[in-house]
Amino acid sequence: MSGAGWKALHSGGAGRRLPGLVAALSAGVAAVGPLRRASGDPVMVLTPRGQVAQLAGDGLYRFDTVFTGANNAAVDAVVLALGIPLVARAWLQYRDGSPRGALLMTGSLGYLLYV
């Protein structure tokens, strides 16, 4: 990227603060899963095809099967443990003007968008 284009990319105020806001909101959303986890027994339901399925019972993932609820809780934990610190580190490098930080920030924000 040319010098003028790189300076234009870093001169905007929203572009310098938005990743921090995204990281904070993502951390809050990902923290809801572990805080509102199922505490009771699974609930047995009859599917429209006549099969029995176990739902998580209560908590955030009460309408998901036990398997899917456990997977969603694991994704929340990975986002909190790895995704948010990665965005924070990339954001700091980006604010210092590092092209590597810009690339890392793009990838880490893409990851948060994907999950």
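Under numbering that gives the first Met the number 0, the residues of the sequence shown are numbered 0 to 114, in order. Positions of the beta carbon are idealized from the N, C-alpha and C atoms, including for glycine.
Counting only the Cα atoms, M104 lies some 8 Å from R88. Closest in C-alpha terms to P33, from the list P47, D57, G14, comes D57.
Rounded to the nearest angstrom, the Cβ distance from V65 to Q50 is 14 Å, too far for a contact under 8 Å.
Using a 10 angstroms sphere on the CB of A73, the tally of other CB atoms stays under 16, which defines it as exposed. Fully contained in the segment 28 to 91 are the following alpha helix (DSSP H) runs of length 4 or more, in chain order: 65 to 77. Burial of S25 is indicated by the presence of at least 16 other C-beta atoms within 10 angstroms of its C-beta. Excluding its 5 nearest sequence neighbours in each direction, V21 has C-beta neighbours in its own chain below 8 Å: V86, L108, L111, listed in chain order.
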